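Protein chains in written order, with the working numbering: chain A, 1 to 212; chain B, 1 to 212.
Protein chains: 2
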Amino acid sequence: MGVTERKERHKEGLKKEILAAAKSLFTERGFEATSIRNIAEKIEYSPAAIYSYYKDKNDIMYSLHQEGFKLLLNHFQVLNNVSHPFERLKAMGRAYIQFAIHNQDIYKLLFVMEEPLAHVAACGGENWDEGDRAFDILLQTVEACQQQGYFKGCDSKNLSLLIWSTMHGLCTLRTSGHLGHVAAAKDSQTDLDQLMNLAYETFIYLLESLDP
Amino acid sequence: MGVTERKERHKEGLKKEILAAAKSLFTERGFEATSIRNIAEKIEYSPAAIYSYYKDKNDIMYSLHQEGFKLLLNHFQVLNNVSHPFERLKAMGRAYIQFAIHNQDIYKLLFVMEEPLAHVAACGGENWDEGDRAFDILLQTVEACQQQGYFKGCDSKNLSLLIWSTMHGLCTLRTSGHLGHVAAAKDSQTDLDQLMNLAYETFIYLLESLDP
DNA sequence: TAAAATTTTTGAACACTGTTTAAAATTTTA
DNA sequence: TAAAATTTTAAACAGTGTTCAAAAATTTTA
Numbered sequence: 001m002g003v004t005e006r007k008e009r010h011k012e013g014l015k016k017e018i019l020a021a022a023k024s025l026f027t028e029r030g031f032e033a034t035s036i037r038n039i040a041e042k043i044e045y046s047p048a049a050i051y052s053y054y055k056d057k058n059d060i061m062y063s064l065h066q067e068g069f070k071l072l073l074n075h076f077q078v079l080n081n082v083s084h085p086f087e088r089l090k091a092m093g094r095a096y097i098q099f100a101i102h103n104q105d106i107y108k109l110l111f112v113m114e115e116p117l118a119h120v121a122a123c124g125g126e127n128w129d130e131g132d133r134a135f136d137i138l139l140q141t142v143e144a145c146q147q148q149g150y151f152k153g154c155d156s157k158n159l160s161l162l163i164w165s166t167m168h169g170l171c172t173l174r175t176s177g178h179l180g181h182v183a184a185a186k187d188s189q190t191d192l193d194q195l196m197n198l199a200y201e202t203f204i205y206l207l208e209s210l211d212p
Numbered sequence: 001m002g003v004t005e006r007k008e009r010h011k012e013g014l015k016k017e018i019l020a021a022a023k024s025l026f027t028e029r030g031f032e033a034t035s036i037r038n039i040a041e042k043i044e045y046s047p048a049a050i051y052s053y054y055k056d057k058n059d060i061m062y063s064l065h066q067e068g069f070k071l072l073l074n075h076f077q078v079l080n081n082v083s084h085p086f087e088r089l090k091a092m093g094r095a096y097i098q099f100a101i102h103n104q105d106i107y108k109l110l111f112v113m114e115e116p117l118a119h120v121a122a123c124g125g126e127n128w129d130e131g132d133r134a135f136d137i138l139l140q141t142v143e144a145c146q147q148q149g150y151f152k153g154c155d156s157k158n159l160s161l162l163i164w165s166t167m168h169g170l171c172t173l174r175t176s177g178h179l180g181h182v183a184a185a186k187d188s189q190t191d192l193d194q195l196m197n198l199a200y201e202t203f204i205y206l207l208e209s210l211d212p
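The structure is reproduced here in structure tokens:
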């Protein structure tokens, strides 16, 4: 029946409204500083209303997950212009860093916070599809490199995992402020970015040196 | 006067008692699940009493910081038995992983959480001494490797930063559960450890391949 | 159109959280 | 022992996520 469909659409509309409010508040003031009551206030509903559309706060978190991954994949779109595999891999690393620094809270949501991930496991579905796709892009790029003679003697999956770990480590140490504490460069932001770049370039140098 | 000294000792005693209670609760049930009221209950004082000994919760966190670093440095003591620099570096990586996995909450406290770090910056003193010392051990090991011909063409500081980032990335992706989600090995714990080890060994392989 | 049934929304409460403050209990000093 | 100083606490504040019965709004039925 068309009636129930229309109703469903309306329900979906409010659901999306909640998500949009949550997203704007999260990116505006961070996760810790955003409450269910804040979101409710923004959409001008009572806090309890939200629970008719989302199971709990983690459910909202997880819904933002998907959008976050889409944003990450958007950042990767520049890679289509880079035909050389190793150059593409290098550009991918830079894009990943860019994404992590310019969307710190979203990055945290995707790769640091445990709650939304637990929600995936709890709520039946193994829906981390977009995340897996992002990893697949890395894996394929690594394998494309290998076909051109790079990374001889390396298992593509293990190497991809390592590359991801390295990028993740760099990004989280950077955004959490731990990099700044260990480095002598404690003041200016430019120095930190530079430091991070130097570490990244060292990694690229490592990968490059693996040639036969 | 000896009286005030005794008083100070008593005060210090209670301060340490608070810290011990906090530590046991943190490691027992995690950070998020431990409140000031829990700690107060454990030492059989009122919650407000704690604020006579610690400025706030982050102050307690930061005090555990120091102990955490001492524990990490203890894990590094096995390195004294490894004279060959590169073998020492390899052992250091393994020790770091061991520490991160067997002390997940403490690791989080030291290298993931932002609040205790902000406390360091806020409360004047630049006291991340023990942390810097841990990094110095890495730096010195890297430089010792270089003196034996390893890592030619690399800046020791940049490379140390990279190594730290890689290890940190591996450990956090592992403990947060993100590694398990991307990998096909979603069930058994042994597989995850194995996967992590493979990524680690790939990294070692990379470093080894840097020989002249 | 009026009544019944269903859905949507909400106020109020529950059990928490970190933190502050003024008052009470204790200890030290004179 | 009385006064002063210190330590400890009860109570409150403003907030959190979440639940649930009741109210309001909407839809369906007669």
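Every residue, glycine too, gets a C-beta built ideally from N, C-alpha and C.
For clarity, every value in this text was computed on a predicted model and none was experimentally measured.
Taking the continuous alpha helix (DSSP H) assigned at residue i, which residues delimit it?
i        : result
Gly149/A : Unbroken run through Gly149/A: none, as it is neither H nor E.
Thr34/A  : Where Thr34/A is concerned, there is no enclosing alpha helix (DSSP H), given that its DSSP letter is neither H nor E.
Val120/B : Glu115 to Ala122
Asn158/B : Ser156 to Ser176
Asp56/A  : Neither: Asp56/A is in no alpha helix (DSSP H) and is coded neither H nor E.
Leu110/B : Gln104 to Phe111
Any beta carbon of chain A sitting closer than 8 Å to that of residue i?
i        : result
Leu161/B : yes
Cys154/B : yes
Glu143/B : no
Phe135/B : yes
Ser63/B  : no
Ala199/B : yes
Tyr107/B : no
Ala185/B : Annotation note: pLDDT 49 at Ala185/B (below 50); position unreliable, coordinate value reported separately. Taking Cβ atoms only, chain A never reaches closer than 8 Å to Ala185/B, which makes this a no.
Glu130/B : no
Gly177/B : yes
Phe111/B : yes
Thr27/B  : no
Ser216/B : For residue 216/B there is no data in the structure shown, the boundaries of chain B being 1 and 212.
Ser209/B : yes
His181/B : yes
Please look up how many angstroms separate the CB atoms of residue i and residue j, rounded, as I've assumed it's under 8 Å.
i        : j        : result
Ser165/A : Leu138/A : Not confirmed; about 11 Å, so no contact.
Gln104/A : Thr175/A : 5 Å
Lys90/B  : Phe31/B  : Incorrect: roughly 31 Å between the Cβ atoms, too far for contact.
Ile97/B  : Tyr200/B : 7 Å
Ile60/A  : Leu19/A  : 7 Å
Met196/A : Leu170/A : 6 Å
Ile70/B  : Glu130/B : Going by the sequence as given, residue 70/B is Lys instead of Ile. The pair is a contact, with the Cβ atoms about 6 Å apart (cut-off 8 Å).
Phe135/B : Val182/A : 5 Å
Asn38/A  : Pro116/A : That belief does not hold up - the Cβ atoms of Asn38/A and Pro116/A are roughly 18 Å apart, past 8 Å.
Leu73/A  : Lys23/A  : Not confirmed; about 17 Å, so no contact.
Are any of the Cβ atoms in chain B nearer than 8 Å to that of residue i?
i        : result
Met167/A : yes
Leu192/A : no
Asn158/A : yes
Phe203/A : yes
Leu72/A  : no
Leu117/A : yes
Leu89/A  : no
Thr172/A : yes
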